[in-house]
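Residue numbers (the working numbering), protein chains in the order written: chain H, 49 to 535; chain V, 49 to 535. From the three backbone atoms N, C-alpha and C, an ideal C-beta is built for every residue, glycine too. Just so it is clear, the structure is predicted and the values come from calculations on it, not from any experiment. Structure first, then comments.
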């Protein structure tokens, strides 16, 4: 089995990489960023040729990719993320003494990462999952996405170069090519310790099932997309129907609709303002030219799923693009909340530049629709300040359904920052306890370990008495930067 | 389905309890502790009658139970555990502005808790899992353990009284009786959001499989026990063979061996000191009288699993108790590391006062044995200071296998404190990313949610600009207690 060699190298690399100091990992992540930048235009040209994404978009995506590598570098150079916690010994305590206990989050081992087609850089080879796993101290076995093999190989080369430059073993990052059978083999390998995935529901759920049925189950963090509803309240719609329609259209059309956070569902109150909103939305979508999607397979899926919705008996098509082998044409349809509530199939994601307007008759009907939503990456609530002041129950219902709740702007555009959650309840992900964007993503690849009465030399440096870097730790229930050595 | 009523009540309770302030939850947890104490001797007498555990032990266990309720009360009154994180808006940033992003860990919803037979108080009705779930803001559906139904009902009554006293809905904690079919129904109910379990591998793994196969999978935190190896290095053994044998014997015998952290495997170097150690261990175990186990079923399993080990062709029985319908008699056997490495069946837990001595011939053989260990709650390494100074690779190999690594003392006795990890790799648990003892256990029942550009009134108080309690938060990557309101 070829995966045996891959995991032998990953396991060997883990033996040293897992105890590497934070600044070594930080140096590695920064070196990867620099090596990616050094690939220059060749990387952008290759990615554009393979994905049909424009150079301007890919330039931005490269910035995001190297930016998040450097953000994780800062995170691990500091070390606070690992939640160092110390309970000092209480030898005189009655009825029993308390031992010395010290806990830290430590890396779990080799992680299998599956890249996404729609972000050949930021969610792929050196994307957020890879950055988070390497930051945590875990080697990465990367299953290259077949949609952009040459882009992936270029980035893998940059990572290999960075590893060599930092004196790290080649097994710290390995690039594996192949089809679904190869991916399944990697997930089932006994030495794999976790899986990260961004892609379709079918793909992510299949990996989750495989991992749960292993003799030793392992966690799967699959981000599987969602329909990202935007809910518009009556007064806000009445006040800004045309402007809101243009804003929604822009988000639907962005990147030919190929974002996990693309708004595929728009709830608007029935009435005159809704008519204006829909008219304006329809005009904006009709005005947009079809554009190349990532690949012919995605375009085929887009038109197939689109047909499933617009041909639904309860749905009225408004903009129905003619199928094309590669280009995605904008699509729009409408239905009522009463009809939408009757059929969960209308919640299915149509990955591409399509959205479904759902008109509601009352606040109660809207609340019922929100409560019927499946798990989402994002939910968005647009209301006037006065409306939002009375919207707590609705906002809370939306909050229960998602990982990120927006009250302004559009869901597309996911900030890479400490406070981001790009995750959410199933089926948006297979694990709502996490995020795949932002620094909190590092916690997916670590587990707590407690050392009891350990000699200093056998403790991770973050748990030793001396605290030369002023690391923030919880010591006897108090958050402190102090050292435990008598001064 | 009767579970529909149960989950309707739990879901209704969640609607208000999830947003209850930390001090309300803290008050509830403290009221439960007080109500349990008010049950007085009746609780201890009932628990002793049902479990055969002595009153002194149950008195201690009650202290632990109310102590951990109060520890979680302090934790949630403070609020730091929920990792409040804020990235303030950067409206002028180029090329794109940054929105205001605020993240908090929020409760996941109704939790199904299964109690343990061996801790009728501390790991049962109002035990650590219940305390952690209630602290996180999750209602608990508690499946009563059939081994101590009256004890469980008494404690459930105390919780109900505390809920009423605090003005909380009765659905915040519900006590459900029944057999395995009832438990399975609870785990499969659509409104269940997580499962916590302490017990056997068979029981825990079955719940894990059920939960993974739900239409919407949910996490299962099953603590399924382990053999908790103690590894003794040559110089330490030579210096203290008799004393170490007595210490090990005491841990093996404690509570008739009915602890998840009972040391069921002792690795000692072959030679004269091992002979002394084994002789002393044998004497200590022979001197101990058989004592009542928790119930006849456990006693039956004990003798059955014991027979499986001591009748193994590669194992030499040293102390072989005669089976008894309720009492567990101490048992001891020995084998060599070479033999032990040949058959993974010798790693099976024998739940009761039994341990297997495994003699090793060399450091290399010991290292191989440690690397072959299955996942453990604890591993213990006893060596002289000089030995430990050179034991980093061995200590690291043990660390990989467990949730808690001890260098002094015995694994029995699990401190309830912030730095504790009572967890570990499969099959010790179904989820190594957690603990079921200590305050870190609260994180099992929460998930991150990010609010983007939210009006203050729709933010959880911990994320608002004002920070009246001086909560520690990460604001723009800096840990601070400050308020964000202009002073």
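Item                                                                                                                                                                              : Value
In the DSSP assignment, what are the bridge partners of residue 475/V?                                                                                                            : BP columns for residue 475/V are empty, so no partner.
Looking only at its chain, what residues have a beta carbon closer than 8 Å to the beta carbon of residue 14/H, apart from the 5 residues adjacent to it on each side?            : The shown model of chain H, from 49 to 535, leaves out residue 14/H, and the question about it has no answer.
For a quick check, are the C-beta atoms of residue 339/H and residue 304/H less than 8 Å apart?                                                                                   : yes
Identify the continuous beta strand (DSSP E) that holds residue 222/V and give its terminal residues.                                                                             : 221 to 224
Grouping DSSP H, G and I as helix and E and B as strand, with all else coil, what is residue 73/V?                                                                                : helix
At a cut of 8 Å, does the segment 103 to 121 of chain H reach the segment 66 to 78 of chain H through at least three beta carbon pairs?                                           : yes
Between the beta-carbon of residue 406/H and the beta-carbon of residue 313/H, is there less than 8 Å?                                                                            : yes
Could you tell me how far apart the beta carbons of residue 245/V and residue 271/V are, in whole angstroms, since I believe they sit closer than 8 Å?                            : 7 Å
Would you kindly check if the distance between the Cβ of residue 425/V and the Cβ of residue 470/V is under 8 Å?                                                                  : yes
Considering only the beta carbon of each residue, do residue 188/V and residue 240/V sit closer than 8 Å?                                                                         : no
Does DSSP put residue 319/V in a helix, a strand or coil?                                                                                                                         : coil
Return no unless some Cβ of chain V is closer than 8 Å to the Cβ of residue 478/H.                                                                                                : yes
Quick check: what's the CA-CA separation for residue 165/H versus residue 322/H?                                                                                                  : 35 Å
Please classify residue 276/V as buried or exposed, where buried requires at least 16 neighbouring CB atoms within 10 angstroms.                                                  : buried
Can you find a CB in chain H that lies within less than 8 Å of the CB of residue 474/V?                                                                                           : yes
Within the same chain, show all residues whose beta-carbon is closer than 7 Å to that of residue 528/H, passing over the 5 residues directly before and after it, in chain order. : 521
Can the beta-carbon of residue 380/V be found less than 8 Å from the beta-carbon of residue 328/V?                                                                                : no
Along the segment 491 to 508 of chain H, what residues have a CB closer than 9 Å to any CB found in chain V?                                                                      : 491, 492, 494, 495, 496, 497, 498, 499, 500, 501, 502, 503, 505, 506
In chain order, what residues of the segment 270 to 287 of chain H put their CB closer than 7 Å to some CB of chain V?                                                            : none
List the endpoints of the continuous alpha helix (DSSP H) containing residue 131/H.                                                                                               : Careful: residue 131/H lies outside any alpha helix (DSSP H) and carries neither H nor E.
Is the CB-CB distance between residue 130/H and residue 149/H below 8 Å?                                                                                                          : no
Mind listing, in chain order, the continuous beta strand (DSSP E) runs of no fewer than 3 residues lying wholly within the segment 151 to 185 of chain H?                         : 159 to 162
How would you label residue 237/H, buried or exposed, when you count the other beta carbons within 10 angstroms and need 16 or more for buried?                                   : buried
Rounded to whole angstroms, how far is the Cβ of residue 178/V from the Cβ of residue 190/V, which I believe are closer than 8 Å?                                                 : 6 Å
Taking C-beta to C-beta, are residue 260/H and residue 84/H nearer than 8 Å?                                                                                                      : no
For residue 460/H, which residues in the same chain have their Cβ closer than 7 Å to its Cβ, ignoring the five residues on either side in sequence?                               : 299, 302, 307, 309, 310
Of all the CB atoms in chain V, is at least one closer than 8 Å to the CB of residue 446/H?                                                                                       : no
What span of residues does the alpha helix (DSSP H) with residue 199/H cover, start to end?                                                                                       : 197 to 213
Verify whether the separation of the beta carbon atoms of residue 411/H and residue 274/H is less than 8 Å.                                                                       : no
Is residue 240/H helix, strand or coil when you go by DSSP?                                                                                                                       : coil
Tell me, to the nearest whole angstrom, how far the beta carbon of residue 399/V is from that of residue 350/V; I am working on the premise that it is less than 8 Å.             : 6 Å
Measuring CA to CA, which of 54/H, 513/H, 287/H is closest to residue 225/H?                                                                                                      : 54/H
Taking the alpha-carbon positions, what's the residue 478/V to residue 372/V distance?                                                                                            : 32 Å
Between the alpha carbons of residue 216/H and residue 229/H, how many angstroms are there, rounded?                                                                              : 29 Å
For a contact defined as C-beta to C-beta under 8 Å, what are the partners of residue 65/H on chain V?                                                                            : What residue 65/H touches in chain V: nothing, since even the nearest Cβ is about 13 Å away.
Does any CB atom of chain V fall closer than 8 Å to the CB of residue 484/H?                                                                                                      : no
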